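Shown next, in structure tokens, is the structure this report addresses.
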Amino acid sequence: FRQHIQIEGIVPDDTMQRILAYRSIIEEDPTAPFAILDQKYFPVQFVITLNKPASWDLSDNDAKNFLDSLINTYYEWFTEYYGNYSLVSELDANDSFLKFEDYDYVDQLSLCEIPLDRLNTFLTEKNTEKGDFISPSTGLRFSDILQQANVLKDVDATQIDSLIYGFNLTKDKNRLLAIYNSQVLNLQINLEAAKKTVTNIEQAIASYERTQSTLLLPSYGGSEGESAAPLTVSGSEEYDNLTRQKVDAYATVTSIEASIKKLQDRSQRLSNNVEIVPGARREVYEATVEANLRKLRDDINSLVKVTNTVAEEYYKGFVFQDAIQTAIPSSVQSPISLKILLLLFAGCALGIPFLILVWYVVRAFFHVSKQQRENVNV
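Under my numbering, think of the first position of the sequence shown as 1308, with each following residue one higher.
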């Protein structure tokens, strides 16, 4: 079937105008290089032609529907591939690969924090990109979901963290001690690197000479219409950038040092078997932590589903709303030829090459063919 489908890219108007302009230059000056006519472009309009052999038992109407189905299938793939709205996988308690309950309490909390961090990054980005977008099905903005994600991380996860470390709750003390020691060693390496960065920045600042900039401000310090004395100020974009880097580097050092101290304190308390509550009361707190972890996991799963729903509506209903359009509906050009004009308005921005469309329309052709055969068999 593939040999009966033709896909032709239409040269964009601006490219065609340049070619015509260069052609007129060559006609006026035969010595001009012909290379200027070699214009590279990504077509965003395509003519898809289905040449229907007489041997096919396929009416013109069915052939038109077939072409329309191809475009619809391609659109579904396009929005799914470039939308990338399935952000984070859920923490499935029944997953055969990830047995959530088998992990230690601190590990379960870490597993919950990973999707929360991804949610925060994605939602912050989309809120900055289009903060006023409202999901038709949920009525939520990205900022609304971001607020819920922050509550889960800053309140729920923090409370669980306090219980785990406050009462030294663990399923395997020796394993947890080994994890603490390993984390401390890695942080110490990062700390040395961060301190080296601070030193390098300070040396760069010390050897840097700030430039002098003179600003002429009319009427500055004088009456109207008079020329004021020049105002000389010190300024340098590079110097200011180094200063900002120094502040950030110091903040990194401080953060790493705090993390090391926190882990060392927890390791010491665990090694000394420090328990705030013993025996039966400890079991109560373990049961509380387990229940809170399960609830946090379920709340994250619910938030992931909502996020993916809103993101899908955002991409399909807003970002890619006009990405693919059928400019001219499929029509019969001759007894054996049907054509359809397809516009990919997002094509240039996304850099979609011509071969991707060819490849996927062929793929969609077999997909639609399979669906139609299944319908016939039914």
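Cβ coordinates follow ideal geometry from the N, Cα and C atoms, glycine included. No experiment lies behind these values; they were computed from the predicted model shown.
Asked, Found
"So for G1316, helix, strand or coil by DSSP?", "strand"
"For a test of the three-state rule: what should DSSP assign to T1356, helix, strand or coil?", "strand"
"Would you check if the region 1446-1465 and the region 1607-1618 touch, i.e. whether three or more CB-CB distances between them fall below 8 Å?", "yes"
"Count the CB pairs spanning the region 1425-1443 and the region 1496-1513 that are closer than 8 Å, and state whether there are at least three.", "no"
"For F1373, does the three-state DSSP call read helix, strand or coil?", "helix"
"Taking the alpha-carbon positions, what's the E1590 to V1596 distance?", "10 Å"
"So, do the region 1596-1609 and the region 1463-1478 have three or more beta carbon pairs nearer to each other than 8 Å?", "yes"
"Buried or exposed: which applies to Q1746, given that a residue is buried once 16 or more other Cβ atoms fall within 10 Å of its Cβ?", "Residue 1746 lies beyond the stretch modelled for the chain, which goes from 1308 to 1685, so this question has no answer here."
"Report the residue from D1409, Q1575 and S1417 whose alpha carbon sits nearest the alpha carbon of K1460.", "S1417"
"Do I1312 and L1357 have their beta-carbon atoms positioned less than 7 Å apart in this structure?", "yes"
"Does L1327 pass the burial test, meaning 16 or more other C-beta atoms within 10 Å, or should it be called exposed?", "exposed"
"If you draw a straight line from the C-alpha of A1361 to the C-alpha of A1370, how long is it?", "12 Å"
"Using the rule of at least 16 other Cβ atoms within 10 Å of the residue's Cβ for burial, across every protein chain shown, is F1353 buried or exposed?", "buried"
"Check K1406 in the structure and name its three-state DSSP category.", "coil"
"Kindly confirm or deny that the region 1557-1565 and the region 1489-1498 touch, where touching means at least three C-beta pairs closer than 8 Å.", "yes"
"Just checking my contact of Y1412 with I1486 at CB under 8 Å: how many whole Å lie between their CB atoms?", "12 Å between Cβ atoms; not a contact."
"Looking at L1476 and L1577, is the spacing between their C-beta atoms short of 7 Å?", "no"
"Between T1386 and Y1622, how many whole angstroms is the CB-CB distance? I'm expecting something under 8 Å.", "6 Å"
"For the alpha helix (DSSP H) that P1422 lies in, which residues bound it at each end?", "Y1412 to E1436"
"On a CA-only basis, which of N1579, N1368 and L1494 is nearest K1568? Give me that one, please.", "L1494"
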